[in-house]
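Visitor: Just so it is clear: in the sequence shown, position 115 is 140 by our numbering, and no numbers are missing. So that we are looking at the same thing, I have put the structure below in structure tokens.
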Amino acid sequence: MSSKIVNILSNANFESKKTAKNLTDVLIHNGYKPFNGFNKNAELCVCVGGDGSFIKAVQKNNFPEMPFVGINTGHLGFYQEIKPSEINKFVSDYKNNNYEIQDIKVLRIDVYTKNKVYKFNAINEAVLKASHSKTIHMNIFIDRNHVEKFSGDGILVSTPTGSTAYNFSTGGSIVYPTLHVLQMTPISPVSSSAYRSIESSLIVPGGHTISLVPERRYKDSNLLLVDGYEYFFNNLHRVNVKLSNKNIKKLIFSNNSYWDNIKDKFL
Ligand code: NAP
Ligand code: MN
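As structure tokens, then:
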């Protein structure tokens with residue numbers, strides 16, 4: 026495990042590049058081999074940027090096994106724990122094993138179309154919408170139980186760590202990252218005498234499968250968002266979402282940083 030190689034995945038902002046350069050120097054000074062990009066033999070991946078950079082590093086490199094840590098040069102990072110001014114302390118804490126590893130829960134999304142099954146993973150959320158901003162009508166099942174017929178802009182399923190992102194803007198609850206649950210949040214549910222949808226979000230056990238089944242006449246125009254990346258589907262039969270068996274490992278250096286972040290970001 027201890028290859029001494031440390032990946033640095035930085036966005037292109039001036040501040041991020043400066044931070045990445047400084048990190049490179051401190052790593053070399055401490056006997057590590059910084060690698061600019063993704064090397065699969067690395068023992069650690071450091072993302073420099075905002076939460077978006079963390080998500081991109083995980084998505085573009087297919088949810089690798091090695092641990093991640095983020096240095097925040099964006100607004101307020103939920104995935105990005107380290108400040109650019111703390112690089113020396115971070116490298117020395119890392120060297121001295123002065124950290125814990127937190128498992129970030131990952132969604133597994135199986136998309137069934139007429140001829141093919143597509144698989145995705147997400148660390149924030151999956152959203153099923155109609156393309157072209159139409160209303161989507163779908164049946165929702167949880168572990169094969171029919172729960173409701175939904176009409177509205179879409180259905181969002183978030184992980185605990187994704188709960189503070191799009192889910193929160195949509196009226197969903199904040200869920201502590203270690204809880205093994207999914208959250209299903211409606212986006213602009215239609216509520217009229219013609220259509221009735223549950224208006225609050227539901228917290229679902231992580232082992233259950235949420236199944237989204239668009240009504241037949243809408244099956245040809247669907248948009249799936251996976252951590253903000255767009256995928257369009259024709260002939261969509263069903264989208265199944267549950268918590269994956271695999272996790273992303275993230276280093277944490279302070280146990281209180283989560284509640285600090287909540288206060289700083291939302292108040
Ligand atoms: P983006 O459109 O640049 O960023 C969306 C915002 O969400 C950024 O401020 C981002 O922080 C923040 N964010 C991302 N993950 C978060 C988390 N787990 N907790 C709290 N805030 C978080 O897109 P992006 O940076 O590539 O991020 C993709 C995410 O954007 C999607 O997964 C979705 O959750 C979110 N999104 C939100 C809305 C909304 O709130 N209405 C709409 C679409 C997408 P940084 O500035 O640090 O990157
Ligand atoms: Mn962003």
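Ideal Cβ positions, reconstructed from N, Cα and C, are used throughout, including at glycine. It should be emphasised that the depicted structure is a prediction, and the values quoted were computed from it without experimental measurement.
1) Could you tell me the alpha carbon to alpha carbon distance between Pro202 and Leu261, rounded to whole angstroms?
2) Please report the distance separating the alpha-carbon of Lys144 from that of Ser269.
3) Spatial neighbours of Lys274 within its chain, please: CB distance less than 6 Å, with the 5 preceding and 5 following residues excluded, ordered by chain position.
4) Return the bridge partner residues of Pro109 from the DSSP annotation.
5) Go to Asp252, then tell me how far its alpha helix (DSSP H) extends in each direction, as first and last residue.
6) How is the alpha helix (DSSP H) around Asn192 delimited, first residue to last?
7) If you measure from the CB of Tyr351, is any heavy atom of the ligand NAP nearer than 8 Å?
8) For Phe60, collect the residues of the same chain with a Cβ closer than 8 Å to its Cβ; drop the 5 residues on either side in sequence, then sort them by chain order.
9) Have a look at Leu82 and Lys141 and give me their C-alpha separation to the nearest angstrom.
10) Under 5 Å, CB to any heavy atom of the ligand MN. Which residues pass, going along the chain?
11) How would you call Ala151, buried or exposed, if buried means at least 16 neighbouring beta carbons within 10 angstroms?
12) Quick check: Lys154 and Gly179, are their CB atoms within less than 9 Å of each other?
13) Are the CB atoms of Ile80 and Asn149 nearer to each other than 9 Å?
Guide: Working from what's here:
1) Sequence index remark: in the sequence shown, residue 202 carries index 177 (1-based). Sequence index remark: in the sequence shown, residue 261 carries index 236 (1-based). In this structure, the CA atom of Pro202 is about 31 Å from the CA atom of Leu261.
2) For the purposes of this step, residue 144 is taken as the residue at position 119 of the sequence shown. For the purposes of this step, residue 269 is taken as the residue at position 244 of the sequence shown. One C-alpha to the other measures close to 11 Å.
3) On the sequence shown, position 249 is the one that residue 274 refers to. Pro92 and Ile126.
4) Here residue 109 is taken as the residue at index 84 of the sequence shown, counted from 1. Beta-bridge pairing links Pro109 to no other residue.
5) As a working mapping, residue 252 is identified with position 227 in the sequence shown. No alpha helix (DSSP H) holds Asp252; DSSP gives it neither H nor E.
6) Within the sequence shown, residue 192 is the residue found at index 167, counting from 1. That run of the alpha helix (DSSP H) goes Tyr191 to Ser194.
7) A question about residue 351 goes unanswered here, because the residues of the chain that appear run from 26 up to 292.
8) Counted from its first residue, the sequence shown places residue 60 at position 35. Here the set comprises Ile30, Val31, Asn32, Ile33 and Ala67.
9) Stepping through the sequence shown from its first residue, residue 82 is reached at position 57. Stepping through the sequence shown from its first residue, residue 141 is reached at position 116. Correcting the residue identity first, residue 82 is Ala in this sequence and not Leu. Their backbone Cα atoms lie some 27 Å apart in a straight line.
10) Gly75 and Gly77
11) Indexing the sequence shown from 1 puts residue 151 at position 126. Counting the other CB atoms within 10 Å of its CB gives Ala151 a total of 16 or more, which places it among the buried residues.
12) As a working mapping, residue 154 is identified with position 129 in the sequence shown. As a working mapping, residue 179 is identified with position 154 in the sequence shown. It is a contact, given that the beta carbons lie within the stated cut-off.
13) For the purposes of this step, residue 80 is taken as the residue at position 55 of the sequence shown. For the purposes of this step, residue 149 is taken as the residue at position 124 of the sequence shown. Their beta carbons are under 9 Å apart, which means Ile80 touches Asn149 by this criterion.
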